[in-house]
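Protein chains in written order, with our numbering: chain A, 983 to 1445; chain B, 21 to 501. First comes the structure, then the notes that go with it.
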């Protein structure tokens, strides 16, 4: 009964093909949370796949109906070994984004896993079915070897993350005792590089808004009027250029977070992002020129134009279009004065002569709205996790102050008041949210070892 | 009143008598409107030829013109009619009209009007092509007929072109003319199309703005990438394109690129524009006086300045946006330009401008094929003798001060006449800006058209007049500003 045995146990679980079989079952459930038809499958994911697995490991389970109409149910699995022991709260989401069935060019489509070399294709393999399966299996390995965890475990599986985690806050708020814990440890998102174990201490927030320049009804002949009639697309382009310059640097100082601390700079010093061979190539010259790429994405705010349109791009005609619109997003880190983002934008636009550009609500289906949150790098749990990973892999993990993406991390840090540590098991070239989503099998095996070792260590320390 | 004046009066009266029998006159126009000559609709290609053979051709033949139907060198494009009447006179005049129309937009006309039928409603006559351009070339034919009946001859040689692809970018027109320069050669160009600048005052127009459509594209990669994982790392093509556009044209529509903006309006043009303004009609959009080049009047902005437009812009999926960095951004752009900017220099100038400002990741691309237009700018100098002669004739005929528009704001095939045939150009527009040209409910105004017919009759009469007529020797000087 040693640390090595639990790691060996996770390896044999993977090597005998059980991991692949189990993930195949999870992927076959079409738990798409952005469409109505997916809701029954979301419930089925909990009742047919999650609950039996947790029960087998001696967890009690409870399904919370979502108080928000159209929101997926939430499962809480609980295993209390001794109320005096520390409680570790885990998390995963069983829902996935749309399948885009027709657009897959690799594998067997979204709903059937298919292996190609090191890659395993399927919707949810990376986001997030594969990731919580790894953590659950590692818990199972510890129980198998030690006979118990050595700590109390709670595990949330929600089924609405891809739809904004609606309702999860209300469920936790109404059941604070049931969800209470000492630390939050979960997995989602990508490592900084596929072969570099990563610890993330928070998540950027996302604020979406529209910029609209609507000048009149209907188009007017560009021959008769060109030169006399304001062109909203030109105005909007100029407005965007005064928000972010041609290398993406934010021009509104109120939008920026406090300066990056030396401790954070030290953490990110050696981190280079790498999306793998199929991932996009980051542009060194993008973002704030005084920051490294890693600092720009993990410790700074970024402005993105998600979509933009004016006129009829499908069939351009020689007319000055009446309106132009850009759907925009600010990804921001903890510490940003988020309540001042839109007021300062208004002031900035007015000061620069863009009172004709209005700030509007984003479309219903893409409201964003995640809050930024983070656990300080000096928190004891960040050391516990880093040391454990180093012990298992021999590699000092990359530590990022927050992942670039947004997730409901603030529920755990702010609402439950927990240190929150994320250990992502995917990589940035995984085509998450796109066709051809996949995981890297060697990475999964490595992640199983890490999680087995980590749960083992936590159980040992709290003995 | 001398004989010539008396005869002129007879010719004008003849035209007006013809016109005032409204039912008869407009049944002639209806015959032309009945041909659904949509040049943007490939299914109508045979109709374009029918219009020449059965519609307008016989009207020219009646007047003793010889007809020649010239095949368009580009496939899928309509033919061109060249009607010629040679009198062995000293002066040769080139006329022009176009028999094609824009799409009928059936179902969108008020009161259930059929675009292919003529409907007289009070002072208005509705129908597709009434204003643009069937009604206008019928006016010329009517005027020519009156002159011939009174004088027996025109007094000048006449070549009249009826094009069938003007609304589709006059594709093939330049090549067709270039291959037969001799057939089209003339001393002066006189024709009617488009609206007057002001409804209550005639004007002549001496050219057109040029136009070039092109796309600006910032295409960085295939597919979108999660804006959380990648926002701050991956260059955003929409932001780059917006910044690129902002270096070309500022938030007030002022062009910032040397070489594609007009720094100084020529004095002759400035002077001519002092006597003409822009009457946008009832449905004209509200004008922001702070848009476009500084310290210029509206008429100077639209007819004596270049303007840059972003016709459409697209990045990501605006109908259903997702949180990802879009892979590319595209803007369909247009430069309208006047004489002083050369069509073939625009793209190289823009290219070096973009490079200079660090936008080598923004490419200049061919525009969508459905909207691929380019015309050189044209303008006959307002002090060209033919322009001055025409201004005087129209002023006298209308008993008003005829305005001179050095060029119109829009674009058309005038450049072919200016640069390939090298003759002075005078357009006498007979419609008005509220005529709903290019929209449902296209119409002409009966009083305006009646006045136009009288003026055109007088112009043709005087062109062929032995004493007052225009002398070709005067055209050899000062063609452009």
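Note that CB positions come from ideal geometry on N, CA and C, so glycine has one too.
Cβ proximity to chain A below 8 Å picks out 340, 341, 342, 343, 344, 345, 346, 349, 350, 351, 352, 354 and 356 from the stretch 340–372 of chain B. Pairing residue 164 of chain B with residue 27 of chain B, the inter-Cα distance amounts to about 14 Å.
Going by DSSP, residue 410 of chain B is part of no beta strand (DSSP E) but of the alpha helix (DSSP H) stretching over 405–418.
Taking a beta-carbon distance threshold of 8 Å, residue 1286 of chain A counts as an interface residue toward chain B. Taking CB atoms only, residue 270 of chain B has a neighbour in chain A less than 8 Å away.
Contact check for residue 467 of chain B and residue 69 of chain B: beta-carbon distance about 35 Å, past the 8 Å limit, so the pair fails to qualify.
Interface annotation, residue 1137 of chain A: not in contact with chain B, CB-CB separation never under 8 Å. Looking at the DSSP output, residue 1385 of chain A shares a beta bridge with A/1185.
Annotation: residue 289 of chain B to residue 428 of chain B spans about 12 Å, alpha carbon to alpha carbon. Contact with chain A is absent for residue 118 of chain B, since none of that chain's Cβ atoms lies less than 8 Å from the residue's Cβ. For residue 1080 of chain A, no alpha helix (DSSP H) segment is defined, and its DSSP state is neither H nor E.
Counting only the Cα atoms, residue 1079 of chain A lies some 11 Å from residue 1146 of chain A. Contact annotation: in the stretch 1211–1230 of chain A, residues whose CB is within less than 9 Å of a CB in chain B are 1211, 1212, 1213, 1214, 1215, 1216, 1217, 1218, 1219, 1220, 1221, 1222, 1223, 1224, 1225, 1226, 1227, 1228, 1229 and 1230. Residue 1261 of chain A and residue 147 of chain B have their C-alpha atoms some 58 Å from each other. Within the model, the alpha-carbon separation for residue 127 of chain B versus residue 461 of chain B is close to 11 Å. Annotation: Cβ neighbours of residue 321 of chain B in chain A (cutoff 8 Å, chain order): 1209 and 1210. Of all residues in the stretch 1337–1352 of chain A, the ones placed with a Cβ closer than 8 Å to any Cβ belonging to chain B are 1344, 1345, 1347, 1348 and 1350, in chain order. Cβ contact annotation for residue 233 of chain B (same chain, cutoff 8 Å, sequence separation greater than five): 331, 352, 353, 354, 387, 391, 392, 393 and 394, in chain order.
In the displayed model, residue 1119 of chain A falls within a helix according to three-state DSSP.
Contacts between residue 1070 of chain A and chain B, judged by CB atoms closer than 8 Å, are missing: the closest CB pair is about 25 Å apart.
Residues of the stretch 1071–1088 of chain A whose Cβ lies closer than 8 Å to any Cβ of chain B: none.
DSSP places residue 335 of chain B in the uninterrupted beta strand (DSSP E) bounded by 327–335.
Between residue 1427 of chain A and the set A/1115, A/1378 and A/1065, the nearest pair of CA atoms involves A/1115. Three or more Cβ pairs drawn from the stretch 233–253 of chain B and the stretch 340–348 of chain B lie within less than 8 Å of each other, which places the two stretches in contact. The three-state reading of DSSP puts residue 1350 of chain A in strand, counting E and B together. In this structure, the straight-line span from the alpha carbon of residue 1006 of chain A to that of residue 1106 of chain A is close to 10 Å. Just so you know, the alpha carbons of residue 72 of chain B and residue 362 of chain B end up roughly 34 Å apart. Within the model, the alpha-carbon separation for residue 264 of chain B versus residue 105 of chain B is close to 54 Å.
At a beta-carbon threshold of 9 Å, the residues of chain B lying near residue 1293 of chain A are 330, 331, 332, 333, 334 and 352, ordered along the chain. The CB of residue 245 of chain B comes closer than 7 Å to the CB of 1262 in chain A, given here in chain order. For residue 66 of chain B, the number of other beta carbons within 10 angstroms of its own is below 16, and it is reported as exposed. For residue 1384 of chain A, the number of other beta carbons within 10 angstroms of its own is at least 16, and it is reported as buried. When secondary structure is reduced to three states using DSSP, residue 186 of chain B falls in the helix class. It is roughly 27 Å from the alpha-carbon of residue 212 of chain B to the alpha-carbon of residue 307 of chain B. Chain B places no beta carbon closer than 8 Å to that of residue 1040 of chain A, leaving this residue out of the contacts.
Per the Cβ contact rule, the stretch 1179–1198 of chain A is in contact with the stretch 1392–1408 of chain A (3 or more Cβ pairs under 8 Å).
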